[in-house]
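Encoded as structure tokens, the structure appears first; notes follow it.
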Amino acid sequence: MNRTELCIVSGKRTPIGSIGKSLRQVPSPFLLAQALKGLKNLVPESWLGCGVFACALQKGLGINPSKQGLYLAGFDRLNSFTINTGHTGGIKSLILACQELLMGSSGALCGGFDSSSLSPHVLLGRSGWKVSSGIIDTLPQAYTSSTGIHYGLAIEELNITYNISRVEQETYSRYAFKRRNLCQKIKYFNEEIVALDVLIDDELCVYPEFEPISPLFYSKGSVTSLTTALPSDGATVLLVARKDAIEKLGIDYLVSVVDWVEKRGDPIKFPEILNKTVKGLLARNGLMIDHVGLWEFNDFFATIPFLCCKILDVKLENTNVTGGNLSLGDTLGASSARSVLNCARWMKIREIEFGVVLSTNCEGEIVVMLLKGKIQDKKGEIY
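For the record, in the sequence shown the residue sitting at position 8 is 9 according to our numbering, with numbers rising by one throughout.
Here's what the structure looks like:
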């Protein structure tokens, strides 16, 4: 891989709104625009090569909703495109932005945006209507894998295959909510959030500690609303740049992007390729699992981070330290971008040398990215 040093300079996001609540009337391109305004004054638009953003729920938004958000934010002339790969979209947009930098651009914008609240109901009626015609809702379709099985049922299948109990899933959920509450208490998220007129902070779901909860997908299942991320509204944006370019502008950065890998196995069965993929990425950069000080797993189901920790032999306390998407809300295309942002910020604050962000869309595909923090030696020099 080209060793031009690529840096995540900064990132911003909107508050995360629960589905059907404060952000229910705000279109997702507008959410993207508000997040972009938080980065507007960092670099001139002419300095940027492109803007690439993920959006999973695009029905009704028109052509290239990323361009709409950029225009509303004042980036009138920036080339842009929109991708849709579900939960991996945010981190894949970062990969595409990094590839833009390797082609010679100084900087690029990336991230993701989605509104679960405004996801429309679509009626399939081009060929006429019959009594048996079904109504297909975009939101559940977003959670349906390419094999036709609902993601929730796919997760239940994983729980059976890997013998993951409801108690183990809820153990992760309690950990995630505890970490989120701690970050709220110390106002950790304040620096990354761009407040909106209708919402200035994350619209947090409440952890029902003592309430009995029924399984979500079938009566004998183990997945509940407690172990599933709530569909939400929000946007996350990242500014990435070549290190030599930002040094000329005197701009600091959060972390550098060292390497990444994308792998696909059999649908749903991503754990089968997890161990080899992650360890292979680390090995080609001279690292092992123990060298990684921080892990971010895109946790739209508690099963995913639990499986990752189990297979990779990673300690839970080094994982999703800000609570993850399960405790904050699942913003779909923006979710893995938010994972990257929180990993990068935490690495800088805690002076962690290496971090890994992993996202999956439950269709056998995983995307893994290796980040390197700025660590000072005893002489004060950064290496």
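The C-beta atom is built at its ideal place from N, Cα and C for all residues, glycine as well. None of these values were measured; they are calculated from a predicted model.
- Its chain contains Leu7, Val258 as the residues whose beta carbon lies nearer than 6 Å to that of Cys99, once the 5 sequence neighbours on both sides are disregarded; these appear in chain order.
- Taking Lys22 as the centre and dropping the five residues before and after it, the same chain places the C-beta of Ser118, Glu204 closer than 8 Å to its C-beta, in chain order.
- Residue burial annotation: Lys186 is exposed, with fewer than 16 other C-beta atoms found within 10 angstroms of its C-beta.
- A distance below 9 Å separates the beta carbons of Ser81 and Ser67.
- Collapsing the DSSP output to three states places Pro232 in a strand.
- Residue pairing by DSSP places Cys51 opposite no residue, since no beta bridge is assigned to it.
- When only Cα atoms are considered, Val315 and Ile290 end up about 8 Å apart.
- Counting only residues of its own chain and dropping the five nearest sequence neighbours on each side, Tyr176 has a CB closer than 7 Å to the CB of Leu317.
- The closest CA to that of Ile9, considering only Leu239, Gly235, Ala36, Ala196, is found on Leu239.
- Across the structure, Ala246 and Lys38 are spaced so that their CA atoms are roughly 21 Å apart.
- Nearest to Leu95 by C-alpha distance, out of Val368, Asn164, Ala34, Pro45, is Val368.
- Secondary structure of Ala303 (DSSP, three-state): coil.
- Burial check for Ser120: the Cβ neighbour count within 10 Å reaches 16 or more, so the residue is buried.
- Contact between Ala303 and Gln170 holds, since their C-beta atoms are separated by about 4 Å, short of 8 Å.
- Of Leu255, Leu71, Ser360, the smallest CA-CA separation from Ile376 is found for Leu255.
- Relative to the Cα of Cys310, the nearest Cα in the group Arg4, Leu275, Ser107, Gly235 belongs to Leu275.
- For Leu37, the three-state secondary structure derived from DSSP is helix.
- For Ile305 against Thr229, the beta-carbon gap comes to about 11 Å, at or over 8 Å, which does not count as contact.
- Buried is the label assigned to Ile156, since at least 16 other Cβ atoms lie within 10 Å of its Cβ.
- Rounded to whole angstroms, the separation of the alpha carbons of Gln26 and Ser328 is 23 Å.
- Only residues of its own chain outside the window of five on either side were considered, and among them Ile9, Ala98, Ala109 have a CB closer than 6 Å to the CB of Val241, listed in chain order.
- Ranked by Cα distance from Ser19, the options Lys373, Leu231, Leu371 are led by Leu231.
- Per DSSP, the unbroken alpha helix (DSSP H) holding Ala338 starts and ends at 336 to 351.
- With a 10 Å radius around the Cβ and a threshold of 16 neighbouring Cβ atoms, Leu295 comes out buried.
- By the 16-neighbour rule on beta-carbons within 10 angstroms, Asn42 is exposed.
- Rounded to whole angstroms, Leu217 and Glu248 show a C-alpha spacing of 51 Å.
- Excluding five sequence positions before and after Leu359, the CB atoms of its chain that fall closer than 6 Å to its own CB belong to Phe298, Val369, given in chain order.
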